[in-house]
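*Asks:* The structure is given below, and queries will be raised subsequently.
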Amino acid sequence: MAVYDLIIEYINPCDGGNQSDKEFLEDVEVDDFEAYAEENSMYDIMEVDTTADGDTVVTTGDGNGYVTRFIFCE
């Protein structure tokens, strides 16, 4: 299993979308980014992307503005 730093970002449309709550986790062992997001979010996966820095971003949400974003950093 690979080890990553993980940022979990919670976005609530009632906050105006300008702010999000963030949780930082270090040394998270992950084999499958999507499986990790499915197990740790109450929402369905909406998008999986890779940033220019090589980080993997898995975005989950309810389709109505509530979003949980998992950012896996090496």
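Once you know that position 63 of the sequence shown is 68 in the working numbering, the rest is easy, because the numbers rise by one and skip nothing.
Every residue, glycine too, gets a C-beta built ideally from N, C-alpha and C.
1) Any idea what DSSP makes of Tyr9, helix, strand or coil?
2) Which complete beta strand (DSSP E) runs does the stretch 17 to 50 hold, if anything under 3 residues is left out?
3) Can you find the residues in the same chain that come closer than 7 Å, C-beta to C-beta, to Tyr15, ignoring five residues on each side of it along the sequence?
4) Kindly list the residues whose CB is nearer than 6 Å to the CB of Thr61, restricted to its own chain and excluding five residues on each side of it in sequence; keep chain order.
5) Hey, how far is the Cα of Asp10 from the Cα of Cys19?
*Replies:* Well, looking at it:
1) In the sequence shown, the residue the question calls residue 9 occupies position 4. Tyr9 falls in the strand class under three-state DSSP.
2) 25 to 35
3) The count along the sequence shown starts at 1 and reaches residue 15 at position 10. Contacts found: Ser25, Asp26 and Thr73.
4) On the sequence shown, residue 61 is found 56 positions in, with the first residue counted as 1. Here the set comprises Phe38, Thr55 and Phe77.
5) Locating residue 10 in the sequence shown gives position 5, counting from the first residue. Locating residue 19 in the sequence shown gives position 14, counting from the first residue. The straight-line gap from Cα to Cα measures roughly 28 Å.
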